[in-house]
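Visitor: One structure follows; several queries about it will come next.
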């Protein structure tokens with residue numbers, strides 16, 4: 011029984027260590043400047059437009075354009 015607990019404990023430690031190392035090496039999430047009201051409007055607009063595809067930009071040129079859900 012104690013051997014099983016040791017193996018389980020060792021597995022748990024390895025798993026936690028792996029998760030912690032992956033979390034530290036993961037890139038930081040992209041900053042969504044266009045959602046930050048403390049930033050200047052031109053910075054926010056540039057950030058938002060830079061995230062749009064050409065098709066999304068074209069779709070916004072018409073009257074009553076639909077929202078882009080991913081943004």
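In our numbering, the protein residues as written are 11 to 81. Cβ atoms here follow ideal geometry from the backbone N, Cα and C, with glycine treated the same way.
(1) Can you check which of these residues, 13, 71 and 42, is closest to residue 81 by C-alpha distance?
(2) Report the rounded CA-to-CA distance for residue 48 versus residue 54, giving the unit in angstroms.
(3) With DSSP collapsed to three states, give me the class of residue 48.
(4) State buried or exposed for residue 37, treating a residue as buried only when at least 16 other CB atoms are found within 10 Å of its CB.
Guide: In short, the structure shows the following:
(1) 42
(2) 10 Å
(3) coil
(4) Confidence at residue 37 is low in this model, with a pLDDT of 47, below 50, so the placement of that residue is unreliable and no value is reported for it.
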